[in-house]
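A.B. asks: Just passing along the structure, written as structure tokens.
Chains as they are written, first to last, in our numbering: chain A, 13 to 127; chain B, 47 to 160.
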């Protein structure tokens, strides 16, 4: 069975500074990894997904994610944080060994960007 | 615009009553999903359906039921057997049968049972 760990409940960063939100995963076979963002009382918005062979994936709103196979990590990054980036971020994995197409989500990391 | 519509946005019920949450999509997606979100626990899968007239239990299906009579619709019933039904419920769908096909989410229904 697949699993995702987001070790930080909250990340605080000053506006203009780089940000990293951490994610590690466990899955049999090839990993299919995703990042989503959630604003209060809203659904999840897709940010980016891992593409096989690309260790640095670019996504929406200037976000990118770095895939590291040896560390089984898929950390979300942004070179310069904005106050409007403050939200809840989820990492997710799809494992294909069971044929189940549903995603397994981490517990989420709240990003707080201070002006 | 294509998307997923969940209704109502807020729902209040008395303990012991069944309640049905609506989810409709016009994305022409085959697969649909129901997740439950609780603070600090992320999203947990309740039920999913990969095709019309077929559905499977997810990780926390007890106390819930679903139907998939139409491609566009995947309603979730929270029964009185669900011990802790107060939560934020999210419906999602996905299109092409490719492993890196993302899920698309509705804006959720917040259910409060007292």
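Ideal Cβ placement from N, Cα and C applies to all residues, glycine included. On a predicted model such as this, the values are computed, not experimentally measured, just so you know.
Under DSSP, the beta strand (DSSP E) around residue 51/A begins and ends at which residues?
C.D. replies: Neither: residue 51/A is in no beta strand (DSSP E) and is coded neither H nor E.
A.B. asks: For the pair the stretch 62-75 of chain B and the stretch 118-132 of chain B, tell me if three or more CB-CB distances fall below 8 Å.
C.D. replies: The stretch 62-75 of chain B, when compared against the stretch 118-132 of chain B, does touch it at the 8 Å Cβ threshold.
A.B. asks: Name the residue from 138/B, 110/B and 107/B whose alpha carbon lies nearest to the alpha carbon of residue 74/B.
C.D. replies: Of the listed residues, the one whose Cα sits closest to residue 74/B is 138/B.
A.B. asks: Can you pull out the residues from the stretch 92-107 of chain A whose beta carbon lies closer than 7 Å to at least one beta carbon of chain B?
C.D. replies: Hits within the stretch, in order: 102 and 106.
A.B. asks: Could you tell me the alpha carbon to alpha carbon distance between residue 157/B and residue 18/A, rounded to whole angstroms?
C.D. replies: So the two alpha carbons sit approximately 26 Å from each other.
A.B. asks: I want to verify the contact list: residues of chain B whose CB lies under 7 Å from the CB of residue 44/A, in sequence order.
C.D. replies: Within 7 Å Cβ-Cβ: 145 and 146.
A.B. asks: Does the CB of residue 56/A have a neighbour CB from chain B at under 8 Å?
C.D. replies: Output row for residue 56/A: interface = yes.
A.B. asks: Short check: CB of residue 85/B to CB of residue 155/B, under 8 Å?
C.D. replies: Cβ atoms of residue 85/B and residue 155/B: not closer than 8 Å.
A.B. asks: With distances taken between CB atoms, is the gap from residue 117/A to residue 152/B smaller than 8 Å?
C.D. replies: Cβ distance not < 8 Å, so residue 117/A and residue 152/B don't count as in contact.
A.B. asks: Return the CA-CA distance between residue 143/B and residue 60/B, expressed in angstroms with no decimal places.
C.D. replies: For residue 143/B and residue 60/B, the distance between alpha carbons rounds to 40 Å.
A.B. asks: Along chain B, in chain order, which residues have C-beta atoms closer than 7 Å to that of residue 61/A?
C.D. replies: By Cβ distance, chain B contributes 146 and 148.
A.B. asks: If the criterion is Cβ atoms closer than 8 Å, does the pair residue 77/B and residue 94/B meet it?
C.D. replies: Going by C-beta atoms, residue 77/B is nearer than 8 Å to residue 94/B.
A.B. asks: Could you please give the first and the last residue of the uninterrupted beta strand (DSSP E) stretch that includes residue 77/B?
C.D. replies: 77-83 is the span of the beta strand (DSSP E), which, as asked, contains residue 77/B.
A.B. asks: I want to know whether the stretch 123-134 of chain B touches the stretch 26-36 of chain A - three or more CB-CB distances under 8 Å.
C.D. replies: The stretch 123-134 of chain B is not in contact with the stretch 26-36 of chain A.
A.B. asks: Between the stretch 123-142 of chain B and chain A, which residues of the former have a C-beta closer than 7 Å to a C-beta of the latter?
C.D. replies: Residues passing the 7 Å Cβ filter: 136 and 140.
A.B. asks: Report the neighbours of residue 94/B on chain A: residues whose CB is nearer than 7 Å to its CB, in chain order.
C.D. replies: Those within 7 Å of residue 94/B in chain A are 114.
A.B. asks: On a Cα-Cα basis, can you pick out the residue from 14/A, 75/A, 99/A and 88/A that is closest to residue 90/B?
C.D. replies: Minimum Cα distance to residue 90/B is reached at 14/A.
A.B. asks: Can you tell me which of 20/A, 125/A, 21/A and 43/A puts its alpha carbon nearest to the alpha carbon of residue 80/A?
C.D. replies: Of the candidates 20/A, 125/A, 21/A and 43/A, the one whose C-alpha sits nearest the C-alpha of residue 80/A is 43/A.
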